[in-house]
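Q: Keeping their order, the protein sequence lines are chains A and B. Residue numbers for the first sequence follow the working numbering, so the first one is 1 and each next one is one higher. Residue numbers for the second sequence follow the working numbering, so the first one is 115 and each next one is one higher. Note that the Cβ used here is the ideal one computed from N, Cα and C, for glycine as well.
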Amino acid sequence: NAGVMQNPRHLVRRRGQEARLRCSPMKGHSHVYWYRQLPEEGLKFMVYLQKENIIDESGMPKERFSAEFPKEGPSILRIQQVVRGDSAAYFCASSSGPGNTEAFFGQGTRLTVV
Amino acid sequence: DQQVKQNSPSLSVQEGRISILNCDYTNSMFDYFLWYKKYPAEGPTFLISISSIKDKNEDGRFTVFLNKSAKHLSLHIVPSQPGDSAVYFCAASAAQGAQKLVFGQGTRLTINP
Numbered sequence: 001n002a003g004v005m006q007n008p009r010h011l012v013r014r015r016g017q018e019a020r021l022r023c024s025p026m027k028g029h030s031h032v033y034w035y036r037q038l039p040e041e042g043l044k045f046m047v048y049l050q051k052e053n054i055i056d057e058s059g060m061p062k063e064r065f066s067a068e069f070p071k072e073g074p075s076i077l078r079i080q081q082v083v084r085g086d087s088a089a090y091f092c093a094s095s096s097g098p099g100n101t102e103a104f105f106g107q108g109t110r111l112t113v114v
Numbered sequence: 115d116q117q118v119k120q121n122s123p124s125l126s127v128q129e130g131r132i133s134i135l136n137c138d139y140t141n142s143m144f145d146y147f148l149w150y151k152k153y154p155a156e157g158p159t160f161l162i163s164i165s166s167i168k169d170k171n172e173d174g175r176f177t178v179f180l181n182k183s184a185k186h187l188s189l190h191i192v193p194s195q196p197g198d199s200a201v202y203f204c205a206a207s208a209a210q211g212a213q214k215l216v217f218g219q220g221t222r223l224t225i226n227p
């Protein structure tokens, strides 16, 4: 399966713990995007990364959230000291380039903070 | 500030008929528009896109129309099939591509047999 792979599919964390969400882009794709979907809402852009670079993080909360896309391995979205309001579906997408290309989404990670 | 709006949360259509999903946007910098389909517990699946230099794009049963002066686009599905039942998201980009998509809230389409 050459699609965008996200893991875990479901993640339960207690308040104050750290959540790590992983995303492996489609083969040949070097552009990764993270989106968050709150219940009954559309997806909201969080961050756009290329290998080893953050291109646009205008949608990331200022505190507790960080993202990386290392030279080797998957992209990681890290949420420190999670709170109940972080409960959402987090989707990763990848594309082959910035221009005139479509983004392909993974199945998402559903984070529940208890 | 909701830059992309889908004002109908739900739509119910008879199988075989045409489904029309609507989307309005406010940002005149948007120049690339996409429709995604989403089933429960899955990620959005790309359906069809249109560049602002066009007013229509067709792919099989799916056609997207863009009215730039009205800042409005619509997705037509004809004929509608039961497998089309899903949530449809309209998305827009200011960069002629995939980055930083702005999504609408979605419309839940139900196709009745």
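#1: Quick check on Arg84 (chain A): does DSSP put it in helix, strand or coil?
#2: Going along the stretch 55–71 of chain A in order, which residues come within less than 7 Å of chain B, judged by CB to CB distance?
#3: Sort out for me which residues DSSP pairs Asn213 (chain B) with in a bridge.
#4: Going straight from the alpha carbon of His29 (chain A) to that of Val114 (chain A), what length do you get?
#5: The stretch 144–173 of chain B: which residues have C-beta closer than 8 Å to a C-beta of chain A, in chain order?
#6: According to DSSP, is Asp138 (chain B) part of a helix, a strand, or is it coil?
#7: With DSSP collapsed to three states, give me the class of Leu145 (chain B).
#8: Check for me: the beta strand (DSSP E) holding Gln6 (chain A) runs from which residue to which?
#9: Looking at the secondary structure, which residues open and close the beta strand (DSSP E) in which Gly171 (chain B) lies?
#10: Please say whether Phe104 (chain A) and Phe160 (chain B) have beta carbons closer to each other than 8 Å?
#11: Is any beta-carbon of chain B found at less than 8 Å from that of Cys43 (chain A)?
#12: Can the beta-carbon of Gln117 (chain B) be found less than 8 Å from the beta-carbon of Val216 (chain B)?
#13: Can you find the residues in the same chain that come closer than 8 Å, C-beta to C-beta, to Lys182 (chain B), ignoring five residues on each side of it along the sequence?
#14: Quick check: what's the CA-CA separation for Ala88 (chain A) versus Ser126 (chain B)?
#15: Taking contact to mean 3 or more Cβ pairs, one atom from each stretch, closer than 8 Å, check whether the stretch 17–35 of chain A and the stretch 71–80 of chain A are in contact.
#16: Go ahead and label Lys152 (chain B) buried or exposed: buried means 16 or more other beta carbons lie within 10 angstroms of its beta carbon, across all protein chains shown.
#17: Answer yes or no: does any C-beta atom of chain A fall closer than 8 Å to that of Gly130 (chain B)?
#18: In or out: Leu223 (chain B) buried (at least 16 other Cβ within 10 Å) or exposed?
#19: Starting from the Cα of Gly174 (chain B), find the closest Cα among B:Glu156, B:Lys214, B:Leu189, B:Ala184 and give me that residue.
#20: Using a C-beta cutoff of 8 Å, does Tyr90 (chain A) count as contacting chain B?
A: A quick look at the data gives this:
#1: helix
#2: Asp56
#3: Note on identity: in this sequence residue 213 (chain B) is Gln, with Asn being the wrong assignment. Listed as beta-bridge partners of Gln213 (chain B) by DSSP are no residues whatsoever.
#4: 35 Å
#5: Tyr146, Leu148, Tyr150, Ala155, Glu156, Gly157, Pro158, Thr159, Phe160, Ser163, Ser165
#6: strand
#7: The question names Leu, yet the displayed sequence has Asp at residue 145 (chain B). In the structure shown, Asp145 (chain B) sits in coil (DSSP, three-state: anything other than H, G, I, E or B).
#8: Bounds of the beta strand (DSSP E) holding Gln6 (chain A) are 5–7.
#9: Looking at the sequence provided, one finds Asn at residue 171 (chain B) rather than Gly. Asn171 (chain B) -> beta strand (DSSP E) spans 170–173.
#10: Yes, Cβ-Cβ distance for Phe160 (chain B) and Phe104 (chain A) is below 8 Å.
#11: Before going further, note that residue 43 (chain A) is Leu rather than Cys in the sequence given. It does: the Cβ of Leu43 (chain A) has a partner Cβ on chain B nearer than 8 Å.
#12: yes
#13: Ser166, Asp169
#14: 27 Å
#15: yes
#16: For Lys152 (chain B), the number of other beta carbons within 10 angstroms of its own is at least 16, and it is reported as buried.
#17: no
#18: buried
#19: When only C-alpha atoms are compared, the closest one is B:Leu189.
#20: no
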